[in-house]
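Novice:
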Amino acid sequence: MAEVMKGVRVLEVAEQTFVPAASALLSDLGAEVIKIEHVERGDAMRGLATTGTAIVPENVHVLLEHSNRGKRSLGLDIASQEGVEILYRLAATADVFITNKLPRVRKKLKIDLEDIRAHNPNIIYVRGTGQGERGPDADKGSYDGLAFWARAGVALGIMQPEYGHVPYPPGPGFGDSIGAMTIAGGTAMALFHRERTGEATVVDVSLMSSAMWAMGQAIGLSVTLGQGWAPPPIDAPRRNPLVGNYLTKDGRWLALTCLQAGRYWLPFCEAVGRPDLATDPRFADFESLMAHSGEATEALRELFAQRTVDEWRAALKDFIGQWAVVQDTLEAANDPQSVANGYLQPCETADGFPFSLVASPVQFDEEPAAPGRAPEFNEHGDEILAGLGLDIEEILDLKVRGVVA
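If you count the sequence shown from 1, you need to add 227 to reach the numbering used here.
#1: On the DSSP bridge list, what partners appear for residue 351?
#2: Is the beta carbon of residue 249 closer than 9 Å to that of residue 353?
#3: Rounded to the nearest angstrom, what separates residue 350 and residue 328 at their Cα positions?
#4: So, do the region 477-490 and the region 457-464 have three or more beta carbon pairs nearer to each other than 8 Å?
#5: Suppose the cutoff is 8 Å on Cβ atoms and the five residues either side in sequence are ignored; what does the same chain contact list for residue 517 look like?
#6: Look at the alpha carbon of residue 575 and the alpha carbon of residue 492, and state the distance between them as a whole number of angstroms.
#7: Quick check on the DSSP output: the alpha helix (DSSP H) that includes residue 295 runs from which residue to which?
#8: For residue 401, count neighbouring C-beta atoms within 10 Å of its own C-beta (all shown protein chains included) and say buried if the count is 16 or more, exposed if not.
#9: Hey, residue 263 and residue 317: beta-carbon distance below 9 Å or not?
#10: Going straight from the alpha carbon of residue 382 to that of residue 472, what length do you get?
#11: Quick check on residue 487: does DSSP put it in helix, strand or coil?
#12: Is there contact here, the region 552-572 with the region 584-597, by at least three beta-carbon pairs under 8 Å?
#13: Does the distance from the C-beta atom of residue 404 to that of residue 519 stay below 9 Å?
#14: So, at 6 Å on beta carbons, what are the nonlocal neighbours of residue 603 in its own chain, with the 5 sequence-adjacent residues on each side left out?
#15: What are the boundary residues of the beta strand (DSSP E) that residue 585 is part of?
#16: Taking 7 Å as the limit between beta carbons, can you name the residues of its chain near residue 416, skipping five residues before and five after?
#17: From the DSSP secondary-structure annotation, give me the bridge partner or partners of residue 262.
#18: Under a three-way DSSP split, which group does residue 591 fall into?
#19: Please state if the CB of residue 451 and the CB of residue 469 are separated by a distance shorter than 9 Å.
#20: Leaving out five residues on either side along the sequence, give the residues of the same chain with a beta carbon under 8 Å from the beta carbon of residue 446.
#21: Following the continuous beta strand (DSSP E) through residue 429, name the residue where it begins and the one where it ends.
#22: By the 10 Å Cβ neighbour count, where 16 or more other Cβ atoms means buried, how is residue 172 classified, buried or exposed?
#23: Please name the residue or residues paired with residue 496 in a DSSP beta bridge.
#24: My parser needs the beta strand (DSSP E) runs of 3 or more residues fully inside the region 363-446; what are they?
#25: Could you tell me if the beta carbon of residue 372 falls within a distance shorter than 8 Å of some heavy atom in the ligand FAD?
#26: Comparing C-alpha positions only, which one of 526, 514 and 521 sits nearest to residue 503?
#27: How would you label residue 605, buried or exposed, when you count the other beta carbons within 10 angstroms and need 16 or more for buried?
#28: How about residue 429 and residue 340: are their beta carbons less than 9 Å apart?
#29: Would you kindly report the start and end of the unbroken beta strand (DSSP E) that includes residue 473?
#30: Identify which residue in 284, 271, 267 and 296 has its Cα closest to the Cα of residue 252.
#31: Less than 8 Å between the CB atoms is what I'm expecting for residue 326 and residue 393, so what's the real figure, rounded?
#32: I need the boundaries of the beta strand (DSSP E) containing residue 341, first residue and last residue.
#33: Judging by CA-CA distance, which residue of 539, 545 and 566 is the nearest neighbour of residue 553?
#34: Applying the criterion that 16 or more other CB atoms from any shown protein chain within 10 Å of the CB defines a buried residue, is residue 513 buried or exposed?
#35: With DSSP as the reference, label residue 332 as helix, strand or coil.
#36: What span of residues does the beta strand (DSSP E) with residue 549 cover, start to end?
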């Protein structure tokens, strides 16, 4: 695999998932990432036993590993003058400074743009925030369940009225991980720009902006039509019976998205063993099929309910149209396409416990990036400090005084 970020040093002052997952992606692709952690407790994620939707196993902290793989860790008290001076010395050696600290916190800690640039004018300065760097809520913290999921229209964009509640995000760190891809891409763009022009830029990505981009087409329609986006009712009539979800005999679902119904109706009917549907006068040509789409949809509901999902997999294997089984996350991990493309990669903890992580979604030279493991708290502290020229006695003195872990 081409380590396209090799030679890039990233200095991270961030916690939880959103921003750390961005530098984890850069690490997967070859960057050296130095993670600055709270001098006593480390990244707050280390102490997170549960989220609202997931229990963290005792033998491997998968949530921490996902967003911190391949990094080097230094526990540092950047609230102290000596600690921030060490941070400045590290910044002077880095290509990228990346943080999720709020504007008021950055100012208090003296790690704002002008503070870091005073020690490295050429550094790329990256800020990941909840709602953006400007506006009335710029200084308010957030999480992906709020700024990404709730505020940007994603939750209501999938909520059916019959739910009776606002749906939860589909998994922990969902918006964080999508936003992290945006941060990583923006950082790479900034590095490319600096390489071409010599100009160091500031990169801003928020959870809200990432979600609004993901909902961009829906939001574009909303502002044009003057109404918020909502999914069609479950019982809404379908113009195209080959677009929709169908329940199988064993309670599973098949999803069809054959947008060109006229092209795919005949081969579909042949694939499912019902050529009579293709010759039925109600469905025999495109115009008739569209005019009788409700009847065609009902015929397919009855048809799909007659076989199990595995039987349908076999029947539709060679069908030229677009379809998929609606799968859970474990099935996705074991999907033949996932396996063939290396979308899941093996890892092991510092204690040697084996587990797997989803690989970077970007591959180079047709090879998935192999993620490293997350560091133990302050695992590389002495090594990083020695790299700044501090000797053993100086490091021990800093430890005694609580400046470093």
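By construction, the Cβ of each residue, glycine as well, lies at the ideal position given by its N, Cα and C atoms.
Specialist: In brief:
#1: 323
#2: yes
#3: 17 Å
#4: no
#5: 466, 467 and 488
#6: 48 Å
#7: 289-295
#8: buried
#9: yes
#10: 20 Å
#11: coil
#12: yes
#13: no
#14: 577
#15: 581-585
#16: none
#17: 239 and 300
#18: strand
#19: no
#20: 380, 439 and 456
#21: 429-433
#22: Outside the modelled stretch of the chain, which goes from 228 to 632, sits residue 172, for which no answer is possible.
#23: Answer is none; residue 496 lacks a bridge partner.
#24: 429-433
#25: Of ligands this structure carries none, so the ligand FAD is not represented either.
#26: 526
#27: buried
#28: yes
#29: 470-474
#30: 296
#31: Not really, about 31 Å apart at Cβ, beyond 8 Å.
#32: That residue, residue 341, is in no beta strand (DSSP E); its alpha helix (DSSP H) goes 340-344.
#33: 539
#34: exposed
#35: helix
#36: Taken as a continuous stretch (DSSP letters only), residue 549 belongs to no beta strand (DSSP E), as it is neither H nor E.
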